[in-house]
Amino acid sequence: MQTYTFLAFDLGATSGRSILATLDNGKLESRELTRFSNTLLPVNGNVYWNIFGLYEALLAGMKAAAAEGAKVDAIGIDTWGVDFVYVGKDGRLLGCPRAYRDPYTEGMQEAFFKVVPRKEVYDLTGIQFMNFNSLFQLYAAHKEGSTALAVADKILFMPDALSYLLTGKMVCEYTIASTSQFLNPKTKQLDAKLLKAAGASIEQFPALVNPGTVIG
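In the working numbering, the protein residues as written are 1024 to 1239.
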């Protein structure tokens, strides 16, 4: 049977790692190649993620795999949920993404439920209410008068943003979108009404793709 080699990037809210894995005759073996920190970036009272530092960490993991002579068949990226990046019409990132630990979402649930009732939001999405869910982050940005939100051509969740930096292709992967509180599990689509109420639009998100989809 053919042997397959995979490079996986597992990014958490404090650290990340690259893992090289092989699947040979039904047996999966894996080992850690690199490990790196992922620290919050406080700026003027706001809290961001250094996505460009994370991108460099991905490149370092790829170089480590190449240095071992690994012929990688596929690369996968997973991260924590809810956070996202704004991308302009020229394809450039509109700054670093706000972190879910940023206090700008305080009180946003209650404010949003005056626009769309809590029960309706739950009926449409079915996930736990947390202040930092993407829906409330978008609403907080909208209430702040965020220029990035207003002019963004696309909005990418963290793993999709990193895959975009590597491939130049934009997608919205289904399982990470499920953390947002604007994915409808019944229709399996993003909910246009919730996005509009939050100050965004469904057109700002790329097409949904299933996990395992080859991007580029």
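All residues carry an ideal CB built from backbone N, CA and C; glycine is no exception. Treat the numbers as computed from the prediction; the structure is a model and nothing was measured.
### Query
Can you tell which of 1038, 1028 and 1127 has its C-alpha closest to the C-alpha of residue 1241?
As displayed, the chain neither begins before 1024 nor continues past 1239, which places residue 1241 out of reach and without an answer.
### Query
So, is residue 1148 buried or exposed, given that buried needs 16 or more other C-beta atoms within 10 angstroms?
Position 125 of the sequence shown, counted from the first residue, corresponds to residue 1148. The residue in question, residue 1148, is buried, as its Cβ has 16 or more Cβ neighbours within 10 Å.
### Query
Where does residue 1182 sit, in a helix, a strand or coil, going by DSSP?
The residue you call residue 1182 lines up with position 159 of the sequence shown. If DSSP states are grouped into helix, strand and coil, residue 1182 belongs with the helices.
### Query
For residue 1217, which of 1181, 1141, 1190 and 1182 has the nearest alpha-carbon?
Numbered from 1 along the sequence shown, position 194 holds the residue referred to as residue 1217. Among 1181, 1141, 1190 and 1182, the Cα nearest to that of residue 1217 belongs to 1141.
### Task
With distances taken Cα to Cα, identify the nearest neighbour of residue 1232 among 1109, 1201 and 1172.
Position 209 of the sequence shown, counted from the start, is the residue given in the question as residue 1232. Residue 1201 is the option with its Cα nearest to residue 1232.
### Query
If you compare alpha carbons, which of 1145, 1179 and 1134 is closest to residue 1119?
Locating residue 1119 in the sequence shown gives position 96, where the first residue counts as 1. Cα-wise, what sits closest to residue 1119 is 1179.
### Query
If we count the other Cβ atoms within 10 Å of its Cβ and call it buried at 16 or more, is residue 1052 buried or exposed?
One-based indexing of the sequence shown puts residue 1052 at position 29. So residue 1052 ends up on the exposed side.
### Task
Taking 8 Å as the cut-off, decide whether the C-beta atoms of residue 1062 and residue 1182 are in contact.
Taking the first residue of the sequence shown as position 1, residue 1062 is located at position 39. Taking the first residue of the sequence shown as position 1, residue 1182 is located at position 159. No, these two residues do not count as a Cβ contact at 8 Å.
### Query
If you run the structure through DSSP and keep just helix, strand and coil, what is residue 1039?
One-based indexing of the sequence shown puts residue 1039 at position 16. Strand.
#### Entry: Option in 1211, 1212 and 1236 with minimal Cα separation from residue 1193
Here residue 1193 refers to the residue found at position 170 when the sequence shown is read from its first residue. Considering only alpha carbons, the answer is 1236.
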